[in-house]
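As given, the protein sequences belong to chains A and B, one line each in that order. The opening residue of the first sequence carries number 1 in my numbering; numbering runs sequentially from there. The opening residue of the second sequence carries number 1001 in my numbering; numbering runs sequentially from there.
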Amino acid sequence: MVSYLSRIFGLGRLDLAEDVVQDTLCRALEVWPIQGLPDNPSAWLMRVARNRAIDMVRRDAHLRYFAPELVQLLTAGEGELAQAPPLQKQIAFEREIKDDELRMVFSLCHSELSTEAQVTLILKTLGGFSVSEIAHALLISEDAVEKRLGRARKIFRHSGGFEELTDASAIGTRLEAVYQAIYLLFSEGYHGSGREGTLREDLCFEAIRLALLLSEHPIANTPKTYALLALLCFHAARLGGRADDDGLVQLELQDRSKWDPDLMSRGFCFLERSSSGEELSDYHLEAAIAALHCSAATYENTDWAKILELYDLLVRLKPTPIVALNRAVALGKIMGPEKALTELGAIPDAPKLKQYPFYPAAYGEFHLLAGRPAEAAKYFEEAVKLARNGHEASFFERKLKACGIDVGS
Amino acid sequence: MTKFVYLFRSDPSVFRSMSPEQMQQTMKKWMDWREGLEKNGHIQQGQRLDGSGKVIRGNAKAVTDGPYVEVKDSIQGFLLVEANDIDEATELAKGCPILEREGTVEVRAVAS
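As C-alpha cells, then:
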C-alpha cells in the first residue's frame, strides 16, 4: 500500500497546474475509501486528471495558457488506442507515462531558474515532497523552499512550456539539474529525514526509477547517467543492512550478508557502462567509493587508502562541507583520530553543517577513539538533539551510551 | 447476519487543504479500516455521492439545487455492510477515520 501510494503521489508530474493534481488526489480520497480501490489506480488517477484538466481549460479562459501542454497530454495516442487490445493499451499507457514524466522532469529544469530552484520544483511536483521534507533534504529553511517555489511558479506562469525530448543540446544542459534532483530524492529516502522516521526505501527506488528512465532514453543515457545509477544501486544494495529493530546500525557492525547482491552487481554493471566517456564526474567518484565499500567482504578489509584518494579528487570537484566531512572520516581511518579532528576543524563553510547531526557525531567518534569519552559524550549529546527522526536519535543515543559517561540529565 | 447502512457525513472541503503527506496518511487509515471490514466479509458495497444534486418538494414539485442539509453535514456516501447486530455494526463503525475530522457515521439497519 505504501509503495502504491508513493507511486500515485509521484503523479504530481501531471501538473503544471498544481490544482489538477490536488483535485485528482482529493477525488481519490473521496471515492476510494467508500467504493474501494479501482482495478488500476494509476489509470484511474490519470483519467480523472485528464477530465479535470479538460474541464478547467474549457471553463476558465485564464487557464488557456496551459492549453498547448494539456492538449498534448490529453490527446496523446488516444484515438487509435481506443480500439487497441488491452495489453497493447497497457503497454502504450505505460510508455506514455514514462515519456510524460521525462518530459516533465526536463521541463521543470527551466533555464531561468537556478539549479537549486529546479531541484526544489522537481522534488515538489514529481516526488510529491512536502515543503518540510524538501527543507530537510536541501538543508535550508522551509521559508526558503516556499520562496523558491513561488519564484518558480511565477516564471512558469510567464514562459512555461513543455520541453520536447527532441533537441539534444537543450536537454544536455538541463541534465545536471535532473541528476541533482534524483540524487537528493534518493538521499532523502536513504536518510529518512522526514518526520515519520523510517528508512523510506520507496523514495530510494523512485529515484532509481527516474535514473533508469534517463538511461532508457537515447538523449539522456550519458556515461554520467550510468555513474549516477551505479551510485544509487550501490547505496540501495546496503539498505537491508542499514537498520535493525533498534534503529540505524553503523557501517562496521552491519551484517553484510543482508546487502543485496543483485543490486550490487547491477551497480558494477552500470559503473562499467559509465566509464565509456571522457568525463570524470562527481558521480563517477562517489560510485567508485560506494563500490569499494560494497566489495569489501568485511569492514576491516575496506580499502581506506583508495577511498581517501577518491575523496581527495571529489573534494576538489565538489567542495561542499558534507564531502569534506566524509573525507575527514576516511582520513581518520588511516591517519588516526587526532588528524581527523584537525581536518574536521578545517572544514570550510562549516556553519552550513550546523543542523547536520553527523557533524558533531564525527567529532564524538574520533574523540572516543582518541580515548576522551567525556569529550565525545558532549558531541553525541548534541547529535541526539539534532537528530531528525527516531532512527537517528536512537543511533546517537547508542553511541552516547558507548561513552559510558553519565552526562548531566 | 443483518444488513446495515453506514451514512458518512462530513465537511466536503476538508481534503482541499491537506498536504500530500496528510492525504497519504488519511488514505492509509481509510484503507486499513476498509481492509479490516472486507477481510471479515462485512462489506457488501459502497457508493460515493457527488456534491451536486436536486431536491424536489411537495405537490408543486418545486426543484432546488443541492443537498438540503447544512453543507458541512452533507452525506458523502454510504456503505452497505453485514453484521450480527446493531452493536457489532456500531463497534465496527467506530474505527472509521471520518470521525477524526469531526464527521459522523450514521448506522441504520436495513428493514428485513
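The beta-carbon is built from N, C-alpha and C at its ideal position, and this holds for glycine as well. Being a predicted model, the structure only gives us computed values, none of them experimental.
Please list, in chain order, all residues of the same chain as residue i whose beta carbon is under 7 Å from its beta carbon, the five residues on each side excluded.
i       : result
E392/A  : L248 and P357
A237/A  : W259, D260, L263, M264, G267 and C294
I334/A  : W304, A305 and L308
V1110/B : K1003, F1004 and V1005
E338/A  : A370
Is it true that the CB of residue j sits closer than 9 Å to the CB of residue i?
i       : j       : result
Q22/A   : R1101/B : no
L213/A  : L314/A  : no
G277/A  : P218/A  : no
E413/A  : E133/A  : Only positions 1 to 409 of chain A appear in the structure, and residue 413/A is not among them; the question remains open.
P33/A   : W1033/B : yes
L285/A  : L310/A  : yes
E415/A  : R148/A  : Outside the modelled stretch of chain A, which goes from 1 to 409, sits residue 415/A, for which no answer is possible.
A181/A  : I140/A  : no
A43/A   : M1027/B : no
M1018/B : C26/A   : yes
Is any beta-carbon of chain A found at less than 9 Å from that of residue i?
i       : result
S1019/B : yes
E1038/B : yes
F1004/B : no
Q1044/B : no
G1095/B : no
R1101/B : no
V1107/B : no
M1031/B : yes
R1057/B : no
L1079/B : yes
R1009/B : no
M1001/B : no
T1026/B : yes
Please look up how many angstroms separate the CB atoms of residue i and residue j, rounded, as I've assumed it's under 8 Å.
i       : j       : result
Y363/A  : L344/A  : 6 Å
L253/A  : Y183/A  : No, L253/A and Y183/A are not in contact; Cβ-Cβ is about 27 Å, not under 8 Å.
P1020/B : Q1076/B : Their Cβ separation, rounded to whole angstroms, is 21 Å, which puts P1020/B and Q1076/B out of contact at 8 Å.
A350/A  : P321/A  : 6 Å
I1043/B : V1081/B : 6 Å
A1093/B : M1001/B : With 8 Å as the limit, A1093/B and M1001/B do not qualify as a contact, their Cβ atoms being about 16 Å apart.
E397/A  : V384/A  : 6 Å
At the 9 Å Cβ level, is residue i part of the contact set with chain B, yes or no?
i      : result
G390/A : no
L5/A   : Since pLDDT at L5/A reaches only 29, below the 50 mark, its modelled position is unreliable, and no value is offered.
M1/A   : Since pLDDT at M1/A reaches only 25, below the 50 mark, its modelled position is unreliable, and the value read off the structure follows with that caveat. Judged by the 9 Å Cβ criterion, M1/A is in contact with chain B.
V145/A : no
E382/A : no
S130/A : yes
V329/A : no
P33/A  : yes
A28/A  : yes
R52/A  : no
Please classify residue i as buried or exposed, where buried requires at least 16 neighbouring CB atoms within 10 angstroms.
i       : result
E272/A  : exposed
G408/A  : Because G408/A sits at a pLDDT of 47, beneath the cut-off of 50, its placement in the model cannot be relied upon, and the point is left open.
K399/A  : buried
Q1045/B : exposed
E300/A  : exposed
N1059/B : exposed
L1099/B : exposed
A1062/B : exposed
I1086/B : exposed
M1/A    : Confidence in M1/A is poor, its pLDDT being 25 and thus under 50, which makes the residue's placement unreliable; the coordinate value appears in the next sentence. Exposed, because fewer than 16 other Cβ atoms sit within 10 Å of the Cβ of M1/A.
P360/A  : buried
Excluding the 5 residues preceding and the 5 following residue i in the sequence, name in chain order all residues of the same chain whose CB lies nearer than 8 Å to its CB.
i       : result
H235/A  : F186, Y190, C204 and A290
H367/A  : P337, L341, P373, E375, A376 and Y379
F1078/B : V1005, Y1006, L1007, F1008, G1046, Q1047 and L1049
A298/A  : The question names Ala, yet the displayed sequence has Thr at residue 298/A. Taken in chain order, the residues that qualify are R256.
A211/A  : I182, T225, L228, L229 and L232
M1023/B : F1015
D312/A  : R327
Give me, in chain order, the residues of the same chain whose beta-carbon lies closer than 6 Å to that of residue i; leave out the 5 immediate sequence neighbours on both sides.
i       : result
A328/A  : A340, E343 and L344
L317/A  : D282
V105/A  : V178
N326/A  : none
R1108/B : V1005
D1073/B : R1009
K1054/B : V1063
Does any CB atom of chain C fall closer than 9 Å to the CB of residue i?
i      : result
E188/A : Considering every chain present, this structure includes no chain C. Its protein chains are A and B.
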